[in-house]
Structures are given as C-alpha cells and as structure tokens.
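*Asks:* Here it is, the structure, as structure tokens.
There are 2 protein chains.
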Amino acid sequence: MKIALAQLNYTVGDFEKNVFKIKEAIARAKKEEVRLIVFSELCISGYPPRDFLEFRDFIDRCTRAANEIASECIDVTAIFGCPTVNPEVEGKNLFNSAYVCSDGKVIDVIHKALLPTYDIFDEYRYFEPNRKSHCIKVDGKKIALTICEDLWNIEDDPMYVHSPMEELIKENPELMINIAASPFDYGHAEKRKSILSRNAMQYGIPLLYLNHVGAQTEIIFDGGSLMMNEKGHLTGEMKYFEEDFALFDLTSDRKATNDKTVSKIERIHSALVLGIGDYFRKQNFTKAILGLSGGIDSAVVLCLAVEALGKENVLPVFMPSQFSSKESVTDSLALCKNLEVKHELIPIEKVYREYIHTLQKQFNGLQPGIAEENIQARIRGMILMALSNKFGHILLNTSNKSEIAVGYGTLYGDMCGGLSVIGDVYKTEVYKLAKHINHIRAIIPEAIIIKAPSAELRPDQKDSDTLPEYDQLDPILYQYIEQRKGPQELIEMGNDAGLVRRILKLVNTNEYKRHQTPPILRVSPKAFGQGRRLPIVGKYLS
Amino acid sequence: MKIALAQLNYTVGDFEKNVFKIKEAIARAKKEEVRLIVFSELCISGYPPRDFLEFRDFIDRCTRAANEIASECIDVTAIFGCPTVNPEVEGKNLFNSAYVCSDGKVIDVIHKALLPTYDIFDEYRYFEPNRKSHCIKVDGKKIALTICEDLWNIEDDPMYVHSPMEELIKENPELMINIAASPFDYGHAEKRKSILSRNAMQYGIPLLYLNHVGAQTEIIFDGGSLMMNEKGHLTGEMKYFEEDFALFDLTSDRKATNDKTVSKIERIHSALVLGIGDYFRKQNFTKAILGLSGGIDSAVVLCLAVEALGKENVLPVFMPSQFSSKESVTDSLALCKNLEVKHELIPIEKVYREYIHTLQKQFNGLQPGIAEENIQARIRGMILMALSNKFGHILLNTSNKSEIAVGYGTLYGDMCGGLSVIGDVYKTEVYKLAKHINHIRAIIPEAIIIKAPSAELRPDQKDSDTLPEYDQLDPILYQYIEQRKGPQELIEMGNDAGLVRRILKLVNTNEYKRHQTPPILRVSPKAFGQGRRLPIVGKYLS
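Protein chains in written order, with the working numbering: chain G, 67 to 608; chain Z, 67 to 608.
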C-alpha cells in the first residue's frame, strides 16, 4: 500500500491556511496514486489550541473544515486530527480525535485515550479520554490508529492505568499509525524513537509516525516523522525543522536522516531559528529590534535573528552609559559589521541624569544601588519599546536561562520583549551556541566570547560579584529545574549545602519576575513558561 | 457527636506555620471535648501547591508534617488534607488525600476521585483519580468522606463519568463530610450552597463542608464552611473572608450569616481587601506604592489598599505631565487628604523631554503618536519601580478588566506592578465599587467619579476616542470572556456585528500583553491569568 505522510506547519486557529495546506497535500497524493495520506494530530485547529476549545464556534469551524476536507477524499483515504464533540452528557465535552475519510465522507473517528496533562500539556482540561478502542480499515487492511500519547504508556513509570494498544492488538492489525503533536526538546527525538521502537517490537507490526513541524509561540515541533518495521528498526525518516512530504509503503526503506549524528547544540540552534521565524511569520511581523550590550547573550540572539529573519530585518541598538566599557562599543560594532546589519547607537546618560534629577528629593542622601542600576536597564527597555512602537519592530529579549532562573535581570528593563530567544538556554550553553555559530566563519568577535560576563550598570561590575560562577551555578540549576531534585538530594550529590540553599532561594523568590517575562522558546524538557507552574506566594525553599 | 470545624488561612509550602495552626486548633478541640475536628483540603501544603508537588522532598515534608499532626490526635479524631504517594507503578505518582487520624496515628486515608482540571485547576497534572471509595468510621459512626470536587458531579452537565457518592451511599453512612479548597468568585457561594444542598437531599443525610479561607497569590478562598441537614437546609454557617472555629453536632442550628443578603459588590470588595492583605502578609511585605492618575481606577485601588494595609503603609504617587488636567491634581490631593495618606508629587515632563531629545535622530520629522504616549506611561512605571527598589514598597497595579481585555494600557508602563488589584473588575463595576466605598463616607471625590475616563497622554484625550463606551464594551466582554460566546452567538444576541468583531479582535490580538501582566486578584468565574489560557500566536478572531 502506497502511503503519503504530510508533515506540515500549521497555525492555531488559521482554518483557511491549515485547510489549504491539507487539501494541497491530498491533491498531490492523488497525483502520486497514493492509497492513504496521513496528517498530524489536531492539524485542523493547530496545536495547542488551548482555551479556544471552550468556544462552540471554534469547534463548529473545526467540524466544517474537517467535512470540507473529507469531500476531497475521492480515490484516497486521509487521516487527520481534529477536536470532536463528545455526545455523552457525562464527561468532558470534547474528544481529541482522528478523522478517517474516504469516498468523500468521514468513515470513522478515533478518539485519543491517553491525555497528556503535565509540563506544557493540558489535554484533560478539554478532552474526555477514550475508553473503547477499535481498529480502522483502509483498503481492507486493519490498522491500529492511535494519537500521540496513546503509545507512550510503555515508559518505565507509566502515567496511565491502561494502554489502548493492548486492546487494539487483539484485533490483529497489520500496521500501527500514530498521529502526533510532539514538541521538540534537545533530547526528545531520541526518546521518541526509542518509545516508538519499543511499540513496534512489542506488538510486532510496522509503525508509521506523523508529527507536526513548526513553532507555536514558545512550543517548537521538530517534525522527524518516521516509519519503523515490525522489529522496531527505522526504515524511513522525514526532515527535521522543515515541512516534508514522503511516500512510503510497508516495505519502505527511505534513507534515514540519522538525527543521532546531529549535536545537541546544532538541534537547539535549528529550533531557535525556526522558533523566531514562525513567531514572526505567523503574525505577519517582519522586523525585529534588540538591545546589543557587548556581551555574549545579545550577540548570539542577534546572529540567530539574522539567520531567521534576514539581515535587512534586524535592528540592533547599542545604548552605552557612563559604565559601558570601550570594548563593549568596539566589539558590538565589529559584530554588526561581520553580520552586515545596520545598527543604532543611542547613549542613555542624559536621560539617566534627568531621572536622578527628577528623583533627587526622594533619593536625597542615599547611596546609589539597585534602584539606580535598574533605572539604566529600564531606560534601555523603554528606548527599544519606543522604537518598536514607532516603527513596528518586535523586540527580542536576550536574557538567558541562568539569569532568568536566579532573577538576575531587571523587570521592565532587560526583561522586556515580545519573545525570549535564549531564555531556555543556560549561560554555559550560550557559549557553546556562540562557538557553533562561529564554527564556519568567525562572526562573533572572540573578545565578546572570552570577556567576563557583566551587566555594566556600575563601575567594574561582574556577574560573579552577585552570582556563583556559571559553571557552578548551571549544573545545580539543571538538577533543580529539569530534574526536580530537592535541596537534600542536591546536597547528597556532593554540592555545597550553602550554595544549594542560596541558589534555590534565588530561584524561588524570583518567581514573580518570571510571571512577567515574554514567552520563552522551549528547547529543554523543562522551560520557564507554561510548562513550569510554581506559586509566586509560597514559602517552600524561600 | 461534637464536631469542630477549623476554617484556617494557610500558606503554600509554609509547613511550619500550617502545622502550627492545625495543632493549635486540635488543642482547642481537645479542651472543648470535641470528638472530631475537620480541616480543609491540602491544608498541610496549602492550596494550590502547583509544581512543588513534583519534588519528592516537598511530598516527604508533607508526609512528615501529617505524621506530626497525627501524633497529637489523642482523644480526638482529626481529618485534614495532604498529598500522598500512589504506591502503584501505573498512573500518576500522587493522590490528593484526606488523612483520618486518631489514637496518635493515621487510621485511614481517603483519595479524591474527581480531579478538577479546568479554569485555575490543574489537579490531573499531579494526581491519580481514586477509583474505589469506602466510608470511614469515627466513634463507630460511618461517614462518607469526600474531597471538594467529589460532590460536584451533580451539576447539569457533569464533567465526570462517575460520582464517588454513588458507591459510598451503599454503605449507609450517617453523615457526609466534604473538605474543600473552593475559590471565591462573586457567584460561587450561592452555587456552592445549591450543589451541597442537592447532595444532602439526594443522599438523605446531613453534610459538613469545610473550606479554605485566605488568598494564595491571585486565588481567593472565601471560607463560608457550613452544615446542612438531610433535607439540604443550612443549619450552620461559618464566617466569610475570615478564619473561624465552630462547634457543631448532628442536630446543630447555628445562626447562618446569610450570605445571600450580601451584595455582589460587597463580596468583591471584601475579597479584594483580603487578596491585597494576604499577598503582603504571606510574603512579609508591609508597604505598597501606586500611581495616582486622578481617575477612578487608581482612586479605588488606593482606598482598597489603605483598608487592607493601613494608611501609614500606602504611598500614592502623583506624576503629572503637560497633558494632566488641573482637576486631576486637585482631585488626587483631595482623595489623599480624605484618606489621610501621605503622597509624593513627581512631575515627569523633564524626563519626557529628555527622552524625546535622546530619540530625536530616530524620530525626526515624524508625528507624535502612540510611541510618545507610551513613553509617558513608561516613565511613570519606571519612577514607581525606582521608588519600589529604593524603599521596598510593592507596586500595586491599577488597570481594570476592560482595559486589560482590549489592550488599552502600556506594557511596562501602567501595566507594571507586583499585584493587579482590580484587573478582574470591569470598568462599569469599578464605578460601583467606588460608590460602595463612598457609601458610609464620601472618600472618593465626586469629580473623580463623574469625569469622562481619560489616559491624559495627549491633549483632550478620552478613552472613548479609541474604545466603545464602557457600557457598550463591558457586556460584550462579559459574554465573550465569562460566557465563552463566539462571534456568531454574540451577533445573534442582538449586538452590532461590526462592534463585536472589533472588540473580539482587540481582545485576541492583545493576548501578548496579558502574558506579561502581574497576577490579577480573581473575583469572577473567568479572570485573566492562569484560569484563562489562550494562544499568543493564533489567527482565530484576530
């Protein structure tokens, strides 16, 4: 059986565009005389549609779109994801479903049984879990059709008390198909392959897997749809971070792109470029602005933005104060020259002095401190926002995950922006990204990479005056944030008790700042944002 | 049987304080020769503990605290809420449980069956639902003990496919006890009573209901614990918005506080005062700062803050520009005088001119517009934050729900703050709050109440230049936000089609601003914040 997999980039709620893409792929499949074409989970609505699902009108539009697509399915069967209404009075009002369409109509609808409700996922917020599974039939072949998480209960600590494949396999299907919206993190592709391989082996039949590609605000889908044989060996693999259309049959052996040879940093790099690009394209934005400090974070963000949006669409702004070093100026200018981008240079000293003058009565006799440092950071944020408001540039935030974790940043200052590009990348990894960017051609001046990190908000300031060195800080942050190790476990792992308590307290007491950050492109299994939900008012470890 | 209900105000993760309060109440119960004392849902950890639940260390502390309390239960039985570990490999790792303690030890543990996962609730994120219910025994009496949502499947559109009471009633219990963490909204107390009454009637036994009181960041618990007889009639009711300790027996008839006579605006008023107060008390903050514009929003927030924190702890700052009216100055000063609060007056014109001067090259030849208006709002935000950083005041945000809905506010300007006080109160309701505040004594000058709303960021500006009148806007916002009516339904209800589309587009395209607002005290069934999760990048209705 000739099968087409259409790995496409959808936009939440853009029915017109999503339907157009799906129809176009169906037309292509027909030309190729394909028997079955498969699309990803909730492709009609885009993923995740979030609380749009609570609007009856939104669901009606999904249904109309699905029926419109069904009418195109002549001489070909299509499988695609769409929310459907639960006809029962009891239970949640919706299902997360897969439509099976043929002969111009909907011939079967399969509902998702296992509803991921952790990290960024909120599926039980909207959907009723399916309790009775059945195989579908396409051209006389029995197929076990499941939706994403339905195959994931095969992990060592299974999150659900039953697995739909246990029922489906009793019907002796010839093939498994899984349609997914499985988001990227730097380790996810390998984990995904391992889980899918275990399924193919356990049930002893081939497996087709179809994933989303593209970014939806902070969530990045990496594609990598694939086919495995009944032994769990990869027999075909689709592109990562790009739309793709592929033909398989049950004995297919398309050359794998072999994702394993791609390094973690390369994957993060690709994900961030896609994340920036889709944030702009899906909102019809073209131009970005960002503050350039002379440090490594803004240098890396500038490079990524230029790659995603084009050098003519990115405006770096250098805003020196009396505390900015000469090197910051020359290094920043050298970077802009290497990238061939225009820049603005706007000194902030006069505005700063006017602020201090305005506040002289209130601040009279007090030593300069955090308040004065924050004023500088906020003047820069305001200048960037003023240019954004005047010329329509979207402000890219340049904070890294280490700073955001410990609250080493100024709310309404350097924490401003429409999108945080490297807010899920620890400082020590930002250096690796810089080296990766410089790998082919030295774009980021070496001086920016080797100098000691500094906010340059007072004379001779260094990050290490306030924070532990990043190579001490980042591993503890990783264990606390990604691995959810508590203080006792961290100390038992050999970390200094005082350091652990100091860092955990900083992380927890700065939750209020993270509440007000821009959306952060998610590249790790635990990013700040909707996937990590901590109380602002809370005494635990604070 | 003499039963004590302890309606207490807990703090998430503050084990020391929570345990202290619980032990104190148990000691009091012992003195009163009570047989059973009941506390609320997850009182050991505070509610909602959110992702703290993912830390093994946090769960260990809960368990230790529960055992410590159990050891106090000599000659009295205590029921209290605590997370527990699910011993099964399959399913989520935790249960949301009720401990039953007697003879110095834990004698039974009951798990919650129905896990609210909608609006602000995320319980299925953490907990496995209980599937086999049983009654507990206290002094030989059989009691159907359930946890909050377990009794709520009696609604007309039940969200769950089974109800634990259906099983429990088969054991012929004499009494129902429900421990809860049921958050306030302006209509919730009545809905709650109706649901509880339906349970008592349906199962024909008396019902004891014990709720949290106090605010946890944006979520406000209003207390109102109660007892109903087997006919569903209220026989005892506890205080609203305050801690309370009450003794009941199964034939009790404590005079009800009769919440029904309290108006919606009075309830909102009480909730906001508690919300501000707990945000400060639970973080050991004492002093608040806010910008005073001469408009009704900041006037109302100032009054609420003074009531919650004391007049000596609230600093209003008036920051006039060249566009501020004379009336704004005189009205603001009159308000401060009426409230006997000190204020600061800091003109912003010079800083504004210095900004314009700094940006003259970039802005050269362009007409003043939104960018210049936002600069003024942001200067005010920055001055407030500078004072906050210097003197430790927490900035109260004064935006109302109507503005936040349509994006009529400046990000990093008037949208700054640690806590949004009236961000869940529509403009038309802010007027009602003002009148309510003025009811006993005219605190807010009449001029502030009657003048046309204006941001005063350009000459003769009025909100109605940009927005529909609030009495047109608010009903449509209410239907769209609280009632989830889509565009077609709104038009069918008789609203102008153009107006509906204009408003819905404003709401949806301003999601990015709401992503960066401070936490908003929740007083309606659908507040902006964690209870309303919409995509930032999304084309639906935009």
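Virtual Cβ for every residue (Gly too), placed ideally from N, Cα, C.
Nothing here was measured: the structure is a model prediction, and the numbers come from that model.
1) With a floor of 4 residues, list each alpha helix (DSSP H) that falls wholly inside the stretch 134–188 of chain Z, ordered by position along the chain.
2) How would you write the range of the alpha helix (DSSP H) that aspartate 537 of chain G sits in, first residue to last?
3) At least one CB of chain G closer than 8 Å to the CB of proline 249 of chain Z: is that the case?
4) Output yes or no for whether 8 Å exceeds the beta carbon distance between glutamate 393 of chain G and lysine 528 of chain G.
5) Can you list the beta strand (DSSP E) stretches of 3 or more residues lying completely in the stretch 82–120 of chain Z, in chain order?
6) I need the DSSP call for threonine 301 of chain Z, collapsed to helix, strand or coil.
7) Please indicate yes or no: does the CB of tyrosine 497 of chain G lie closer than 7 Å to some heavy atom of the ligand ATP?
8) Can you pull the chain G neighbours of asparagine 440 of chain Z, defined as C-beta to C-beta under 8 Å?
9) What separation, rounded to the nearest whole angstrom, lies between the Cα atoms of cysteine 214 of chain Z and isoleucine 88 of chain Z?
10) Tell me, please, whether the stretch 466–485 of chain Z touches the stretch 570–584 of chain Z by the rule of three or more beta-carbon pairs shorter than 8 Å.
11) Answer with yes or no whether the minimum CB distance from alanine 437 of chain G to chain Z is below 8 Å.
12) Mind pulling the beta strand (DSSP E) runs of 3 or more residues that sit fully within the stretch 236–291 of chain G?
13) Would you mind telling me which residues of chain G sit closer than 7 Å to arginine 550 of chain Z, beta carbon to beta carbon, in chain order?
14) Taking Cβ-Cβ distances shorter than 8 Å, what residues in chain Z pair up with glutamate 555 of chain G?
15) Using a Cβ cut-off of 7 Å, which residues of the stretch 478–495 of chain G contact any Cβ in chain Z, in chain order?
16) Of all the options Z:Gly435, Z:Ser465, Z:Glu233, Z:Val366, which has the alpha carbon lying nearest to the alpha carbon of leucine 405 of chain Z?
17) From the DSSP output, read off the bridge partner residues of glutamine 616 of chain G.
18) What is the residue span of the beta strand (DSSP E) that threonine 212 of chain Z lies within?
19) Output yes if chain G places a C-beta closer than 8 Å to the C-beta of glutamine 426 of chain Z; else output no.
20) Mind listing, in chain order, the continuous beta strand (DSSP E) runs of no fewer than 3 residues lying wholly within the stretch 324–394 of chain Z?
21) Compute the beta-carbon to beta-carbon distance between serine 199 of chain Z and alanine 179 of chain Z, rounded to the nearest angstrom, for a pair I have assumed lies under 8 Å.
22) Can you tell which of Z:Pro249, Z:Ser248, Z:Leu234 has the C-alpha that lies nearest to the C-alpha of methionine 242 of chain Z?
23) Which residues of chain G have a Cβ atom closer than 7 Å to the Cβ of glycine 475 of chain Z, listed in chain order?
24) Based on the DSSP secondary-structure assignment, which residues constitute the bridge partners of phenylalanine 193 of chain G?
25) If distances are taken between C-alpha atoms only, which option among G:Gln442, G:Asp397, G:Tyr492 comes closest to isoleucine 515 of chain G?
26) Taking valine 339 of chain Z as the query, report the chain G residues whose CB atoms sit under 8 Å from its CB, ordered along the chain.
27) Would glutamate 99 of chain Z pass as an interface residue toward chain G - the criterion being a Cβ-Cβ separation below 8 Å?
28) Does the Cβ of glutamine 73 of chain Z have 16 or more other Cβ atoms within 10 Å, making it buried, or fewer, making it exposed?
29) May I ask you to report which of helix, strand or coil DSSP gives glutamate 308 of chain G?
30) If we define contact as Cβ-Cβ less than 8 Å, is lysine 571 of chain Z a contact residue for chain G?
31) Secondary structure at arginine 130 of chain Z, three-state DSSP: helix, strand or coil?
32) I'd like the span of the alpha helix (DSSP H) that includes isoleucine 602 of chain G, first residue to last.
33) Need the endpoints of the beta strand (DSSP E) that asparagine 463 of chain G sits in, please.
34) For the beta strand (DSSP E) holding leucine 71 of chain Z, just list the boundary residues, first then last.
35) Which residue marks the beginning of the beta strand (DSSP E) containing isoleucine 202 of chain Z, and which one marks its end?
36) What residues in the stretch 133–158 of chain G bring their beta carbon closer than 9 Å to a beta carbon of chain Z?
*Replies:* Inspection of the coordinates gives the following:
1) Listed in chain order, there is nothing to give.
2) Taking the first residue of the first sequence as position 1, residue 537 of chain G is located at position 471. According to the DSSP assignment, aspartate 537 of chain G belongs to the alpha helix (DSSP H) that extends over 536–547.
3) Taking the first residue of the second sequence as 1, we reach residue 249 of chain Z at position 183. It does not; no Cβ of chain G falls within 8 Å.
4) Within the first sequence, residue 393 of chain G is the residue found at index 327, counting from 1. Within the first sequence, residue 528 of chain G is the residue found at index 462, counting from 1. Their beta carbons are not under 8 Å apart, which means glutamate 393 of chain G does not touch lysine 528 of chain G by this criterion.
5) Scanning the stretch 82–120 of chain Z for uninterrupted beta strand (DSSP E) segments of 3 residues or longer gives 102–104, listed from N- to C-terminal end.
6) Locating residue 301 of chain Z in the second sequence gives position 235, counting from the first residue. Strand, per DSSP.
7) For the ligand ATP, the structure offers nothing, since it holds no ligand at all.
8) Taking the second sequence and counting its residues from 1, the one referred to as residue 440 of chain Z is at position 374. Near asparagine 440 of chain Z (Cβ distances below 8 Å), the residues of chain G are Met451, Ala452, Asn455.
9) Position 148 of the second sequence, counted from the start, is the residue given in the question as residue 214 of chain Z. Position 22 of the second sequence, counted from the start, is the residue given in the question as residue 88 of chain Z. Each residue's Cα considered, the two are about 19 Å apart.
10) The stretch 466–485 of chain Z vs the stretch 570–584 of chain Z: in contact.
11) The count along the first sequence starts at 1 and reaches residue 437 of chain G at position 371. It does; some Cβ of chain Z falls within 8 Å.
12) For the stretch 236–291 of chain G, the full-length beta strand (DSSP E) segments reaching 3 residues or more read 241–245, 273–276, 279–282, 285–288 along the chain.
13) Numbered from 1 along the second sequence, position 484 holds the residue referred to as residue 550 of chain Z. Close to arginine 550 of chain Z, with beta-carbon spacing below 7 Å, are these residues of chain G in chain order: Glu120, Phe121.
14) Start at 1 with the first residue of the first sequence, and residue 555 of chain G comes out as number 489. The contacting residues are Arg122, Asp123.
15) Within the stretch 478–495 of chain G, contact with chain Z at the beta-carbon level (separation under 7 Å) is assigned to Tyr478, Cys482, Gly484.
16) Locating residue 405 of chain Z in the second sequence gives position 339, counting from the first residue. Looking only at Z:Gly435, Z:Ser465, Z:Glu233, Z:Val366, the smallest Cα-Cα distance to leucine 405 of chain Z is reached by Z:Val366.
17) Limits of chain G in this structure are 67 at one end and 608 at the other, which puts residue 616 of chain G out of reach.
18) Reading the second sequence from its first residue, position 146 is the one you call residue 212 of chain Z. Unbroken beta strand (DSSP E) run through threonine 212 of chain Z: 207–213.
19) Working through the second sequence from its first residue, we reach residue 426 of chain Z at position 360. No, its Cβ sits nowhere closer than 8 Å to a Cβ of chain G.
20) Fully enclosed beta strand (DSSP E) runs of 3 or longer: 354–358, 380–384.
21) As a first step, residue 199 of chain Z is located in the second sequence; it is residue number 133 there, counting from the start. As a first step, residue 179 of chain Z is located in the second sequence; it is residue number 113 there, counting from the start. With a Cβ gap of about 6 Å, serine 199 of chain Z and alanine 179 of chain Z count as contacting.
22) Against the second sequence, residue 242 of chain Z aligns to sequence position 176. For the residues Z:Pro249, Z:Ser248, Z:Leu234, the minimum Cα distance to methionine 242 of chain Z belongs to Z:Leu234.
23) As a position in the second sequence, residue 475 of chain Z is number 409, starting the count at 1. What glycine 475 of chain Z touches in chain G: nothing, since even the nearest Cβ is about 13 Å away.
24) Here residue 193 of chain G corresponds to residue number 127 of the first sequence, with the count starting at 1. Note: phenylalanine 193 of chain G sits in a beta bridge opposite G:Leu160.
25) Locating residue 515 of chain G in the first sequence gives position 449, counting from the first residue. Nearest C-alpha to isoleucine 515 of chain G: G:Asp397.
26) Sequence index remark: in the second sequence, residue 339 of chain Z carries index 273 (1-based). Residues of chain G whose Cβ lies closer than 8 Å to the Cβ of valine 339 of chain Z do not exist, since the nearest Cβ in that chain is about 16 Å away.
27) Position 33 of the second sequence, counted from the start, is the residue given in the question as residue 99 of chain Z. It does not; no Cβ of chain G falls within 8 Å.
28) Taking the first residue of the second sequence as 1, we reach residue 73 of chain Z at position 7. Glutamine 73 of chain Z is buried by the Cβ-count criterion.
29) In the first sequence, residue 308 of chain G corresponds to position 242, counting from 1. Looking at glutamate 308 of chain G - three-state DSSP - the assignment turns out to be coil, as it is neither helix nor strand.
30) The count along the second sequence starts at 1 and reaches residue 571 of chain Z at position 505. Cβ-Cβ to chain G under 8 Å: no for lysine 571 of chain Z.
31) Sequence index remark: in the second sequence, residue 130 of chain Z carries index 64 (1-based). DSSP places arginine 130 of chain Z in helix when its eight states are reduced to three.
32) As a working mapping, residue 602 of chain G is identified with position 536 in the first sequence. Premise fails: isoleucine 602 of chain G is in no alpha helix (DSSP H) and is neither H nor E.
33) Taking the first sequence and counting its residues from 1, the one referred to as residue 463 of chain G is at position 397. It spans 460–463 - the beta strand (DSSP E) in which asparagine 463 of chain G sits, taken as one unbroken run.
34) Looking up residue 71 of chain Z in the second sequence gives position 5. From DSSP, the beta strand (DSSP E) with leucine 71 of chain Z extends over 69–73.
35) Translated into positions along the second sequence, residue 202 of chain Z becomes position 136. Here the beta strand (DSSP E) through isoleucine 202 of chain Z covers 202–204.
36) If the cut-off is 9 Å between Cβ atoms, the stretch 133–158 of chain G has Glu154, Val155, Glu156, Gly157, Lys158 near chain Z.
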